[in-house]
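Residue numbers (the working numbering): 446 to 911.
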Amino acid sequence: MESPKILIADDDKKTRDFVAAFLSYKGYQVFQAFDGQDALQKVDLHDVQMVITDIMMPRVNGLEFIKQLKSIRPDIVTIAYSAFANFEMTANLLKAGAFFYLEKPFNLEELETHVKRGLEHQALQSKSFRSKPCIKNRALLNNIIGESEKMLSLFEMVEKVAGSDSTVLIQGESGTGKELVARAIHDLSTRLEKNFVAVNCAAIPDELLESELFGHVKGSFTGAVATRIGRFEMADKGTLFLDEIGDMKANLQVKLLRVLQNREVEPVGATRSKKVDVRIIAATNQNLEQMVSSKSFREDLYYRLSVIPITLPPLRERGTDIALLLNHFLERFNKGKQSKVQGFDRQVMEILTHYDWPGNVRELENLVERMVIIKGSGLITASDLPEKYRSGKAASVLRSDEITLPDDGFCLNSAVEEFENKLILQALQKSRGNKKEAAELLNLKRTTLIEKLKKKKLVYDGVLNQ
Ligand SMILES: Nc1ncnc2c1ncn2[C@@H]1O[C@H](COP(=O)(O)OP(=O)(O)OP(=O)(O)O)[C@@H](O)[C@H]1O
Ligand SMILES: [Mg+2]
């Protein structure tokens with residue numbers, strides 16, 4: 446029988462190598478990941494049965510990783526460890542589905558006992574898991590990047606609705622990926638071989654939209670020099686995507702409602718209507734419910750359209766997806782523009798994961814494209830970011846408007862020193878004395894922080910641990 450496969454996730458290479466060497470020696474097949482995000486990508490790649498993970502890791506930390514892993518692969522057993530143990534953390538880990546929690550430093554024999562127990566538990570569990578449905582068409586949804594809980598439930602929803610012919614209404618802020626989702630629904634449906642026709646209701650002048658949608662007969666109005674079929678007919682047996690539906694004028698809303706009820710279109714100037722077999726997906730970044738209350742959108746049409754409502758969450762609510770998207774677009778633009786930008790440094794990641802992205806994924810995509818063009822190679826640092834991304838965070842730390850230079854001058858070195866000391870002590874307070882975590886908060890290496898503490902003889906009024 447093949448020996449069990451275990452993935453070890455830890456940003457500290459030494460610990461990772463140490464645990465890996467021990468488990469390989471014990472006969473397990475061992476793989477390594479350098480943080481939670483890397484681990485999420487590697488669990489399927491190596492088809493592992495167990496993950497042993499550190500808690501404090503950059504990008505996706507251990508707790509977040511376990512939560513995400515459990516939502517997609519509940520059958521994989523996880524063991525977590527950390528030097529920083531407290532009740533709350535242990536409770537959260539177990540609640541998230543961790544099998545066992547070990548406090549660092551741990552004894553390797555102790556680890557092996559839990560690995561064995563965990564694998565026995567996994568073998569029992571996976572039998573029942575295999576018979577449950579999971580996201581089969583993940584590959585088809587691959588161009589929609591996201592691993593946050595909100596996006597994972599969206600993928601499930603997309604997969605479910607794709608199989609039906611029901612009308613879908615996609616709502617969400619601008620740039621959240623509404624069109625991408627509409628296309629995914631079409632691609633996963635049985636209509637795949639037929640057309641996906643998109644109409645942007647806001648971009649076509651009101652007087653032309655009717656003939657654009659339903660077609661017209663020659664001579665029916667000035668400029669109708671030939672008979673033309675409309676988008677409904679073009680989408681016959683396929684999908685019609687009515688984008689920016691909130692911008693459709695009242696008179697056309699009535700006509701659209703009639704088509705949705707009768708599944709027949711009447712071209713402008715025609716005397717007879719034609720049957721059409723079209724799946725409708727509508728989208729808007731406006732609040733249609735509010736528009737219904739204010740009578741600017743027809744209530745009956747709203748209900749016809751929102752048989753299956755899907756809401757795309759704004760990017761700022763998708764947590765770890767920001768880092769994932771940054772790397773995805775970096776890779777894409779590096780390829781497309783033959784650039785060699787290596788990545789984003791920690792501070793940039795920190796700034797961008799806390800930025801509120803009013804333009805959502807589109808804004809992020811444009812930012813990465815711009816930085817890849819300007820930078821060309823190397824690592825993107827905070828100084829490469831446009832001012833608006835940098836200012837929020839720096840301002841909150843510095844409060845430069847509160848700093849005034851005294852008339853008789855001042856010693857810059859001691860001011861900078863004092864400022865540094867204050868921030869270091871605050872970081873230690875926040876991490877309750879954990880130097881590794883404090884160093885992360887300050888974007889420093891742990892060893893650099895320790896050197897600084899020694900040199901400055903800084904005393905943190907609490908218990909210090911490694
Ligand atoms: N989850 C995602 N993964 C990868 N790319 C994405 C994702 N979401 C959006 N994008 C990209 O972001 C851009 C904007 O997406 P899209 O056009 O689907 O947004 P939208 O919600 O329709 O916006 P608007 O309301 O402004 O029309 C596109 O280039 C799309 O490919
Ligand atoms: Mg759109």
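Note that the Cβ used here is the ideal one computed from N, Cα and C, for glycine as well.
Cβ pair residue i, residue j closer than 8 Å
{"i": "residue 494", "j": "residue 564", "result": "yes"}
{"i": "residue 786", "j": "residue 817", "result": "yes"}
{"i": "residue 603", "j": "residue 626", "result": "yes"}
{"i": "residue 502", "j": "residue 462", "result": "no"}
{"i": "residue 534", "j": "residue 766", "result": "no"}
{"i": "residue 510", "j": "residue 484", "result": "yes"}
{"i": "residue 771", "j": "residue 830", "result": "no"}
{"i": "residue 539", "j": "residue 491", "result": "no"}
{"i": "residue 660", "j": "residue 806", "result": "no"}
{"i": "residue 872", "j": "residue 504", "result": "no"}
{"i": "residue 529", "j": "residue 888", "result": "no"}
{"i": "residue 474", "j": "residue 450", "result": "yes"}
{"i": "residue 498", "j": "residue 523", "result": "yes"}
{"i": "residue 745", "j": "residue 702", "result": "yes"}
{"i": "residue 883", "j": "residue 890", "result": "no"}
{"i": "residue 812", "j": "residue 788", "result": "no"}
{"i": "residue 903", "j": "residue 870", "result": "yes"}
{"i": "residue 589", "j": "residue 525", "result": "no"}
Backbone CA spacing between residue i and residue j [nearest angstrom]
{"i": "residue 777", "j": "residue 802", "result": "20 Å"}
{"i": "residue 682", "j": "residue 718", "result": "17 Å"}
{"i": "residue 763", "j": "residue 730", "result": "18 Å"}
{"i": "residue 500", "j": "residue 506", "result": "6 Å"}
{"i": "residue 448", "j": "residue 551", "result": "24 Å"}
{"i": "residue 684", "j": "residue 747", "result": "19 Å"}
{"i": "residue 591", "j": "residue 853", "result": "56 Å"}
{"i": "residue 584", "j": "residue 598", "result": "Low confidence applies here, because residue 584 scores a pLDDT of 49, under 50, leaving its location unreliable and the question unanswered by this model."}
{"i": "residue 640", "j": "residue 675", "result": "13 Å"}
{"i": "residue 741", "j": "residue 728", "result": "16 Å"}
{"i": "residue 471", "j": "residue 465", "result": "10 Å"}
{"i": "residue 700", "j": "residue 743", "result": "11 Å"}
{"i": "residue 593", "j": "residue 616", "result": "18 Å"}
{"i": "residue 613", "j": "residue 513", "result": "27 Å"}
{"i": "residue 672", "j": "residue 665", "result": "9 Å"}
{"i": "residue 867", "j": "residue 782", "result": "44 Å"}
{"i": "residue 901", "j": "residue 849", "result": "26 Å"}
{"i": "residue 761", "j": "residue 799", "result": "8 Å"}
{"i": "residue 537", "j": "residue 545", "result": "12 Å"}
{"i": "residue 707", "j": "residue 715", "result": "17 Å"}
{"i": "residue 876", "j": "residue 814", "result": "36 Å"}
{"i": "residue 580", "j": "residue 488", "result": "For residue 580, the predicted model reports a pLDDT of 47, less than 50, meaning its position is unreliable; a value from the coordinates is still stated below. Straight-line Cα distance between these residues: approximately 15 Å."}
{"i": "residue 908", "j": "residue 861", "result": "With a pLDDT of 48 at residue 908, under the threshold of 50, the modelled position of this residue cannot be trusted, and the question is left open."}
{"i": "residue 561", "j": "residue 554", "result": "11 Å"}
{"i": "residue 635", "j": "residue 516", "result": "28 Å"}
{"i": "residue 863", "j": "residue 856", "result": "11 Å"}
{"i": "residue 469", "j": "residue 477", "result": "12 Å"}
{"i": "residue 826", "j": "residue 479", "result": "21 Å"}
Option in the options with minimal Cα separation from residue i
{"i": "residue 542", "options": "813, 566 and 502", "result": "566"}
{"i": "residue 897", "options": "879, 736 and 865", "result": "865"}
{"i": "residue 835", "options": "770, 796, 540 and 772", "result": "796"}
{"i": "residue 691", "options": "780, 512, 656 and 739", "result": "739"}
{"i": "residue 644", "options": "638, 629, 637 and 624", "result": "624"}
{"i": "residue 732", "options": "686, 618, 622 and 827", "result": "618"}
{"i": "residue 633", "options": "646, 820 and 609", "result": "609"}
{"i": "residue 686", "options": "646, 707 and 668", "result": "646"}
{"i": "residue 779", "options": "658, 822 and 883", "result": "822"}
{"i": "residue 804", "options": "622, 704, 856 and 750", "result": "622"}
{"i": "residue 548", "options": "638, 883, 496 and 531", "result": "531"}
{"i": "residue 694", "options": "588, 480 and 655", "result": "655"}
{"i": "residue 820", "options": "775, 859 and 791", "result": "775"}
{"i": "residue 698", "options": "667, 827, 658 and 663", "result": "658"}
{"i": "residue 568", "options": "600, 631 and 519", "result": "519"}
{"i": "residue 649", "options": "668, 688 and 637", "result": "688"}
{"i": "residue 750", "options": "669, 704 and 791", "result": "704"}
In chain order, each alpha helix (DSSP H) run of at least 4 residues that lies wholly inside the region 635 to 688: Positions of the alpha helix (DSSP H) runs, each at least 4 residues long and wholly inside the region 635 to 688, are given as 651 to 659 and 676 to 679 in order along the chain.
Does the structure place the region 756 to 768 close enough to the region 705 to 715 that three or more beta carbon pairs sit under 8 Å? Flag = no, the region 705 to 715 and the region 756 to 768 do not touch.
Stretch pair the region 674 to 688 + the region 719 to 726: three plus CB contacts closer than 8 Å: Segments in contact, yes.
As an exercise, report each continuous alpha helix (DSSP H) stretch of at least 4 residues that is fully enclosed by the region 777 to 816, in chain order. DSSP runs (the alpha helix (DSSP H)) wholly in the region 777 to 816: 791 to 799.
Going along the chain, which unbroken runs of the alpha helix (DSSP H) with 4 or more residues stay wholly within the region 871 to 899? Restricted to the region 871 to 899, the alpha helix (DSSP H) segments that are unbroken, complete and at least 4 residues in length are 880 to 886, listed in chain order.
Restricting to runs no shorter than 4 residues, where is the alpha helix (DSSP H) found entirely within the region 590 to 631? For the region 590 to 631, whole alpha helix (DSSP H) runs of length 4 or above, ordered along the chain, are 594 to 607.
Runs of alpha helix (DSSP H) lying entirely within the region 725 to 762, each at least 4 residues, in chain order: Entirely contained in the region 725 to 762, the alpha helix (DSSP H) runs reaching 4 residues are, in chain order, 733 to 738 and 744 to 750.
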